[in-house]
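These notes are about the structure you will find just below.
Numbering (our numbering), first residue to last: 35 to 535.
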């Protein structure tokens with residue numbers, strides 16, 4: 035399996051980087067090189083079936099986009115394309131549901147079913163499917179609702195947009211055109227169409243920042259995420275009945291931190307690669323563990339997915355335009371579909387429904403508060419919430435604990451495994467001895483939580499000032515951090531958790 039965090043990729047990217055910028059005065063040739071490289075990576079990661087699936091899908095989306103732009107009834111073409119895209123995604127994503135039945139059917143006909151084991155989800159299918167839907171909807175809105183979109187992709191341009199290797203493995207879900215709430219590290223719009231069809235030669239963007247982000251990605255993904263997974267999370271989730279309740283609690287907290295480091299580290303790496311190639315990619319995380327409520331959490335966590343769900347599921351269902359009850363139903367459907375997108379088991383659906391329940395309760399609380407805001411209790415509450423630092427800290431603590439609890443269902447392989455872990459959490463506090471000292475881990479978590487706001491501010495400062503700092507002053511610290519990662523990181527090549535989705 036090809037990995038972006040490996041010596042092989044590092045050396046290959048250096049060679050690619052040199053060739054890419056030798057063509058710096060010719061963006062069209064750079065695009066061709068990017069397209070060929072992206073297809074090669076798809077082949078290396080997902081073999082020939084992933085490449086064929088991507089090629090056929092791209093041709094289909096391009097043909098449909100032409101009809102949406104020129105046909106007399108573009109709505110029919112849009113609906114057809116969306117239905118076909120969703121069916122294609124569902125067929126591949128949920129093929130395991132049908133694999134056994136198809137195998138039995140072939141065996142009963144005395145036909146070989148061995149080839150079924152080789153059918154796997156094509157690399158990046160979910161991400162480029164979402165990008166395709168957003169592109170087609172933008173074209174339709176431009177034609178029928180006078181909402182300006184941008185330049186229409188040619189077939190090669192669309193192929194590059196869908197296959198662009200910094201985004202195809204695990205996002206972020208890049209949009210062809212600018213979108214509300216989806217911005218780059220400088221909080222500027224970052225639609226891909228204008229960047230692919232740039233009339234001016236590209237240039238390396240923020241090279242010092244890019245190098246800093248690469249080192250941060252190595253620290254987050256390879257060292258911190260890998261260490262937490264190997265030492266605290268994976269052993270407990272694999273067999274929770276063998277562990278004490280405190281160790282299980284440490285694993286629950288640890289998984290949220292592991293997932294954040296893994297996914298945000300990957301996003302940092304892809305943003306850095308984009309900058310080195312002259313592209314601005316959307317930021318996927320903005321200090322999500324400092325969110326004051328679950329609604330704000332989704333404005334900070336996996337931003338490219340949450341904005342996509344808002345624009346193409348929640349708002350088309352009616353959003354908040356049809357009263358309180360309908361709004362909560364739309365929210366419930368959107369978050370349930372988000373859970374189903376992450377996986378086929380009931381545990382993913384429950385994870386989505388729990389987040390929906392949290393946001394619905396928050397909305398109901400706001401609704402009640404708005405109607406009782408003149409009473410003395412709510413006046414005092416309003417003053418407390420706006421001026422009291424303890425109240426803000428409590429809201430962050432409650433949100434983080436809710437997120438950690440929900441992630442039990444996200445991490446567990448099945449619903450039964452999640453329920454087993456919850457059972458062990460509440461009942462393994464007397465009869466099961468402590469196999470390790472979880473207080474050490476809790477101390478590290480507490481320290482990390484205390485330092486997290488400062489690290490978030492440091493990251494924002496890095497975005498703004500990295501390239502204004504003298505580069506020679508950064509070389510030694512960055513090299514020392516890389517050496518530290520190499521010494522402390524677990525053995526083996528780390529994987530990207532969200533590449534499975």
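Beta carbons: idealized from backbone N, C-alpha and C, even for Gly. Everything numeric in this text was worked out from a predicted model, so none of it was measured.
Would you kindly work out how many angstroms separate the C-alpha atoms of residue i and residue j, rounded to a whole number?
| i | j | result |
| --- | --- | --- |
| residue 494 | residue 237 | 23 Å |
| residue 516 | residue 432 | 35 Å |
| residue 401 | residue 422 | 22 Å |
| residue 389 | residue 257 | 29 Å |
| residue 111 | residue 101 | 7 Å |
| residue 209 | residue 196 | 10 Å |
| residue 520 | residue 233 | 42 Å |
| residue 52 | residue 67 | 12 Å |
| residue 91 | residue 265 | 41 Å |
| residue 326 | residue 223 | 26 Å |
| residue 47 | residue 37 | 12 Å |
| residue 105 | residue 162 | 24 Å |
| residue 353 | residue 361 | 6 Å |
| residue 396 | residue 329 | 8 Å |
| residue 259 | residue 253 | 8 Å |
| residue 227 | residue 143 | 50 Å |
| residue 261 | residue 523 | 7 Å |
| residue 156 | residue 83 | 7 Å |
| residue 490 | residue 481 | 14 Å |
| residue 460 | residue 454 | 10 Å |
| residue 485 | residue 492 | 10 Å |
| residue 58 | residue 187 | 22 Å |
| residue 529 | residue 200 | 15 Å |
| residue 231 | residue 393 | 40 Å |
| residue 251 | residue 306 | 9 Å |
| residue 451 | residue 378 | 15 Å |
Over the uninterrupted alpha helix (DSSP H) stretch that includes residue i, give me the two end residues.
| i | result |
| --- | --- |
| residue 93 | 61–104 |
| residue 196 | 189–197 |
| residue 302 | 279–310 |
| residue 11 | Because the chain in this structure spans residues 35 to 535, residue 11 falls outside the shown range and cannot be described. |
| residue 364 | 358–376 |
| residue 270 | 268–272 |
| residue 128 | That residue, residue 128, is in no alpha helix (DSSP H); it is neither H nor E in DSSP. |
| residue 48 | 41–56 |
Where does residue i fall in DSSP's three states?
| i | result |
| --- | --- |
| residue 217 | strand |
| residue 223 | strand |
| residue 165 | helix |
| residue 109 | helix |
| residue 450 | helix |
| residue 17 | Nothing about residue 17 can be reported from this structure: the residues present for the chain run from 35 to 535 only. |
| residue 260 | helix |
| residue 185 | coil |
| residue 344 | helix |
| residue 335 | coil |
| residue 237 | coil |
| residue 387 | helix |
| residue 487 | helix |
| residue 316 | coil |
| residue 532 | helix |
| residue 157 | coil |
| residue 143 | coil |
| residue 231 | coil |
| residue 210 | coil |
Is it the case that the CB of residue i approaches a heavy atom of the ligand SAH more closely than 7 Å?
| i | result |
| --- | --- |
| residue 213 | The model depicted lacks the ligand SAH and carries no ligand whatsoever. |
Report yes or no: do three or more beta-carbon pairs, one from the segment 438–457 and one from the segment 288–301, lie closer than 8 Å? yes
Does the segment 119–130 come into contact with the segment 337–352, if we say contact requires no fewer than three beta-carbon pairs (one atom in each stretch) closer than 8 Å? no
Using 8 Å as the cut-off, can you tell me whether the segment 276–290 makes contact with the segment 471–490, which would need three or more C-beta pairs spanning the two stretches below that distance? yes
Inspect the CB distances between the segment 312–322 and the segment 243–254 and report whether three or more fall short of 8 Å. no
Under 8 Å: do the segment 57–74 and the segment 170–177 share three or more Cβ pairs, one atom per stretch? no
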